[in-house]
Amino acid sequence: MNQEIKFKTGNEWLVFYFKKYRSQLITGTIFVLVSVTFGVFVPRYVGHAIDDLRLQGVSYRTLARSVGLIVLTSLISGIFLFFQRRTLINMSRYIEYDLRQDFYSHLQKLPLDFFQNYRTGDLMARATNDLGAVRQVAGPAIMYSEQTLFRVLIIVPIIVSISVKLTLIMLLTMPFVTLTVKYFGEQIHIRFEKIQEFFSDITARAQENLTGVRVIRAFAQEESEKQQFALLNHQYVDRNLGLVRLSAVFRPLMQFFIGLGFAAILLIGGRETAQGRMTLGEFTAFNLYLEQLIWPLIAMGYVTNLVQRGMASLKRMHQIVAIEPAIADAPGAKALSYLNHDGAVVEGLKGKIEFRNLSFRYSDSSPEVLKDISLVIEPGTTVAFIGRTGAGKSTLMNLVPRLIDARHGMVLIDDVPIDKIPLSQLRRNIGYVPQETFLFSETLAENITFGLEDDPGAQKMEKVLNAAQAAGLAEDVADFPKGYQTILGERGITLSGGQKQRTAIARAVIREPRILILDDSLSAVDTYTEEKILSRLRGVMRERTTLIVAHRISTVKDADLICVIDHGIMIEQGSHDQLMAAQGAYADLFERQLLEEELAST
20 MNQEIKFKTG NEWLVFYFKK YRSQLITGTI FVLVSVTFGV FVPRYVGHAI
70 DDLRLQGVSY RTLARSVGLI VLTSLISGIF LFFQRRTLIN MSRYIEYDLR
120 QDFYSHLQKL PLDFFQNYRT GDLMARATND LGAVRQVAGP AIMYSEQTLF
170 RVLIIVPIIV SISVKLTLIM LLTMPFVTLT VKYFGEQIHI RFEKIQEFFS
220 DITARAQENL TGVRVIRAFA QEESEKQQFA LLNHQYVDRN LGLVRLSAVF
270 RPLMQFFIGL GFAAILLIGG RETAQGRMTL GEFTAFNLYL EQLIWPLIAM
320 GYVTNLVQRG MASLKRMHQI VAIEPAIADA PGAKALSYLN HDGAVVEGLK
370 GKIEFRNLSF RYSDSSPEVL KDISLVIEPG TTVAFIGRTG AGKSTLMNLV
420 PRLIDARHGM VLIDDVPIDK IPLSQLRRNI GYVPQETFLF SETLAENITF
470 GLEDDPGAQK MEKVLNAAQA AGLAEDVADF PKGYQTILGE RGITLSGGQK
520 QRTAIARAVI REPRILILDD SLSAVDTYTE EKILSRLRGV MRERTTLIVA
570 HRISTVKDAD LICVIDHGIM IEQGSHDQLM AAQGAYADLF ERQLLEEELA
620 ST
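Okay, here's the thing in structure tokens:
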């Protein structure tokens, strides 16, 4: 895998790995050459044996010698055939591995808006089905092409030496074979590219249905979804059948032209032999050589199919790899450090955050989500952001770990623009609890320790227990039969909404980040549980810069600073008491929520 080199085309990308594995490619090619060379001796020995038997009569010694040579050369050819397959097919597996790593690593660098434009199922299809087609080019297609090339280069001079006339007759059919390969190869490429795009659609549909199975069942849409999937599946089959029909014409047509030449050779060569211009052994050898040529030429139809499919798939994969990551380290990005309480220099972030004249929109055609936000947050301060849904609070939080980048204004940490801080250091020092909790299909302990630097087992487990305690999760885990070794299922399906959020909080806290971001991460718990969690988190938050996004005032009232955001504008800021005294939007929201609680309790 090469992180630095950018490839203009899919072909350049593939050639790069052929160069990387040139030793295997060269070795495999030598094995192909040796295997083909020894295989070519067999027709010659058969021809000589036939002529010897005709001229000298049946001799067991002569026959045994010929049989021995045929067996020996066939054995050597077979041994090198084994080595060529092992070498070249292994090489294709290594290339497949590298391409998959490149593809996956590149996906990790792409911005969030990329994943809004490309469906997960489509990306999965490119990383599996398309990659498999590319591997066929890097392995079997290379091997069969080399076998055909070497057979042609070695056998054609031999059959010319046997009979120029018969060789010319055979070559007369080659233009028809070439034109057939060219025309059908182009058609296969076009159709297979469309089939792969449709396969992405059907994979995406299946992935969405499986992920959203709860919603589908809740709305009793099983039959409707089944019918829609059946329709897509039927269209996919129809397109594949069209490709099958094309291939069904392609291969027989090639065999017809080749067989036509074979028939002409039998007719004319038989007459040449009968008239004594060729010996029976030479004619037999010629036909055996012709047979060695015919099957590779017929196989070239299969190879053409593989290559066209693989090139179409490589093009689809390269479309993703060619997308430049929008978020990357700026030139000269340098790791930060600060002085701790003991006066020692520590590599990391101190935690000061500044939003300077910050404005943001998701695209040129979309409205501004944030408008001229300016705010300085000192290290160790807890700042809360509150406002109606869609006010821009989560967008502001996403800017801090550079999940998105603003075009106008700046975000600074420790007085340094965040694009000048290496992404790895920036994100390693931020504990982020997103609005939508995502958990992996692993154990609870593995989800909590996700992203944690390697620690000895006992020490890591102690951190898990402390983080779970701080997040208010420990009491719930005590009721789980397998405790922290409980498998959560896809997206944490075995947990309640509140348990998912608390697991995400524990996952952020265990890293001991300098900056902690809680993006509406207590919305799924009641106010009593919320107060318990916040009281436990205060010890964690005391030494860290903490940003809290919430809709409930009960979540934010103890923050050092509360910012009210409305339609992307920061309209108020201050402590709870200051904002209540101002009798503005915050006080109105407080009174409204208080009234809602009173009505709910009656």
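For what it's worth, the working numbering labels the leading residue of the sequence shown as 20, then goes sequentially. Heads up, the beta-carbon is just placed ideally off N, CA and C, and yes, glycines get one too.
Contact test: residue i Cβ vs the ligand FMN heavy atom, cutoff 7 Å
| i | result |
| --- | --- |
| Pro-271 | In terms of ligand content, the structure shown is empty, and the ligand FMN therefore cannot be addressed. |
Short Cβ contact (8 Å threshold) for residue i with residue j
| i | j | result |
| --- | --- | --- |
| Leu-107 | Ile-45 | no |
| Phe-404 | Cys-582 | yes |
| Ile-15 | Ile-396 | No statement about residue 15 is possible, as the shown extent of the chain runs from 20 to 621 and does not include it. |
| Met-319 | Val-483 | no |
| Gln-166 | Pro-344 | no |
| Arg-154 | Glu-216 | no |
| His-253 | Met-330 | no |
| Lys-439 | Ala-352 | yes |
| Ala-604 | Asp-579 | no |
| Leu-507 | Leu-471 | no |
| Gly-204 | Gln-327 | yes |
| Gly-409 | Leu-377 | no |
| Leu-622 | Leu-129 | A question about residue 622 goes unanswered here, because the residues of the chain that appear run from 20 up to 621. |
Classification of residue i by the beta-carbon crowding that lies within 10 angstroms, buried from 16 upward
| i | result |
| --- | --- |
| Thr-323 | buried |
| Lys-412 | buried |
| Gln-419 | Checking the sequence, you will find Val at residue 419 rather than Gln. Counting Cβ neighbours within 10 Å, Val-419 comes out buried, since at least 16 surround it. |
| Pro-407 | Reading off the sequence, residue 407 comes out as Arg, not Pro. With fewer than 16 Cβ atoms within 10 Å of its Cβ, Arg-407 is classed as exposed. |
| Gln-597 | exposed |
| Leu-613 | exposed |
| Asn-30 | exposed |
| Ser-337 | In the sequence under discussion, the amino acid at residue 337 is His, which differs from the Ser named in the question. Flag for His-337 reads buried. |
| Thr-139 | exposed |
| Ile-181 | buried |
| Lys-519 | buried |
| Asp-257 | exposed |
| Asn-306 | buried |
| Val-183 | exposed |
| Lys-501 | exposed |
| Asn-136 | exposed |
| Arg-295 | Reading off the sequence, residue 295 comes out as Gly, not Arg. Counting Cβ neighbours within 10 Å, Gly-295 comes out exposed, since fewer than 16 surround it. |
| Pro-194 | exposed |
| Phe-211 | buried |
Coarse secondary structure for residue i, derived from DSSP in three states
| i | result |
| --- | --- |
| His-208 | helix |
| Pro-130 | coil |
| Lys-38 | helix |
| His-427 | strand |
| Ser-384 | coil |
| Tyr-255 | helix |
| Asn-417 | helix |
| Lys-245 | helix |
| Thr-292 | helix |
| Gly-470 | coil |
| Met-297 | coil |
| Lys-479 | helix |
| Val-55 | helix |
| Thr-400 | coil |
| Thr-564 | strand |
| Ile-625 | Past the boundaries of the shown model lies residue 625; the chain is included only from 20 to 621, so the question cannot be answered. |
| Ser-124 | helix |
| Ser-378 | strand |
| Tyr-113 | helix |
| Glu-591 | strand |
Contacts around residue i, its chain only, beta-carbon distance under 6 Å, and the 5 residues preceding and following it disregarded
| i | result |
| --- | --- |
| Asn-21 | Reliability of the predicted coordinates at Asn-21 is poor, the pLDDT of 49 falling under 50, and no value is obtained from them. |
| Ala-144 | Phe-218, Ser-219, Thr-222 |
| Ala-283 | Ile-188 |
| Ile-572 | Phe-609, Gln-612 |
| Val-34 | none |
| Ser-124 | none |
| Glu-291 | Met-297 |
| Lys-390 | Ser-378, Gly-587, Ile-588 |
Nonlocal neighbours in the same chain, by C-beta distance under 7 Å from residue i, ignoring five residues either side
| i | result |
| --- | --- |
| Leu-368 | Leu-355, Ile-432, Asp-433, Asn-448, Arg-533, Ile-534 |
| Tyr-451 | Pro-420, Ala-527, Ile-536 |
| Val-55 | Gln-166, Phe-169, Arg-170, Ile-173 |
| Ser-540 | Val-452, Gln-520, Ala-523, Ile-524 |
Closer than 8 Å to chain D by CB, residue i
| i | result |
| --- | --- |
| Arg-63 | No chain D appears in this structure, which consists of one protein chain only. |
Cβ neighbours of residue i in the same chain (closer than 8 Å, five flanking residues each side left out)
| i | result |
| --- | --- |
| Ile-277 | Thr-192, Val-196, Ile-313, Leu-316, Ile-317 |
| Thr-303 | Pro-62, Val-65, Gly-66, Ile-69 |
| Gly-399 | Gly-370, Arg-561, Glu-562, Arg-563, Thr-564 |
- Query: Are the segment 528-546 and the segment 493-508 touching by the rule of at least three beta carbon pairs closer than 8 Å?
  - Reply: Result no; under three Cβ-Cβ pairs closer than 8 Å.
- Task: Report yes or no: do three or more beta-carbon pairs, one from the segment 499-515 and one from the segment 545-553, lie closer than 8 Å?
- Result: No, the segment 499-515 is not in contact with the segment 545-553.
- Examine the Cβ distances between the segment 97-114 and the segment 63-70 and report whether three or more of them are shorter than 8 Å. Fewer than three Cβ pairs drawn from the segment 97-114 and the segment 63-70 lie within less than 8 Å of each other, which leaves the two stretches out of contact.
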